[in-house]
Every structure is written in structure tokens, then in C-alpha cells.
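Visitor: The numbering used here applies: residue 16 is where the sequence shown begins, and numbers increase by one. Cβ atoms here follow ideal geometry from the backbone N, Cα and C, with glycine treated the same way. On a predicted model such as this, the values are computed, not experimentally measured, just so you know. Before anything else, here's the structure in question.
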Amino acid sequence: MLPVALHAADVIPDDKAVIQFQTKTGVVTFNHTLHASLRVTSCASCHHTHEEGQPIKACSDCHKKKEKAKIEGFSVVAPKTSKAYHTKCKGCHKYTMEELEKPAGPTKCKLCHIK
16 MLPVALHAAD VIPDDKAVIQ FQTKTGVVTF NHTLHASLRV TSCASCHHTH EEGQPIKACS
76 DCHKKKEKAK IEGFSVVAPK TSKAYHTKCK GCHKYTMEEL EKPAGPTKCK LCHIK
């Protein structure tokens, strides 16, 4: 959990400000700084396994591209990377539009996956 006075967008390393994911269906660009500045959610919404005082893990540490991976210390199995991203990203975008009635990111494949 970040200190209350510290804004999440202020702690994102420069090399993580904009992240690009190479996928079979095109490049997905994630503007990390923009999402952190929205204050619609907390860092823990995506970084759900983060422990205080520990470095932030890459999603791929638990979520693998081709197979499900057992999470160390847990009896659950992490969904594949694509499933985790689609559930989290599309789910948040839909929730933001429908429940909060605010503009949100895309929910259609070709709007995120750019060839």
C-alpha cells in the first residue's frame, strides 16, 4: 500500500510509464501513468499480490503465456496472461462505463490490439 500523500503516478518508474505488450493479434499499449492518475482504482487492483516493502512483480511472474502457473505459497492456479489481462482490463473498462457512467478504455479487440 502506498503512503496516502504519495500519488501512484509519482512512483511509476520511467521505463514502466508506457508498456507495450506484443501479442499474436497486435501490439497492446498500456499507458501506466495515465491509469495511475485516474484514481478510479488503487495499485493493488492490478498488483494484487504485492507485499509492502517488496518490489513490484511483473504480471508474467505468475501469469504465463501458454500454461497456467501455480503461484508460490498458494494452492490456486493463476490464469494465463491473456485471460488475466482480458478479465482485468475489459472488466474495468466495462465497469467504468456502465456502473460509474464515466468514459473508459476500449472493450473491442481491434481498439487495443494494433497491427
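1) Is it buried or exposed, residue 77, if we count other Cβ atoms within 10 angstroms and call 16 or more buried?
2) Looking at residue 101: is its Cβ nearer than 8 Å to the Cβ of residue 38?
3) For residue 59, which residues does DSSP report across the bridge?
4) What is the DSSP secondary structure of residue 41, reduced to helix, strand or coil?
5) Does the Cβ of residue 63 have 16 or more other Cβ atoms within 10 Å, making it buried, or fewer, making it exposed?
Guide: Answer, in terms of the structure:
1) buried
2) no
3) Its beta-bridge partners do not exist; DSSP assigns none.
4) strand
5) exposed
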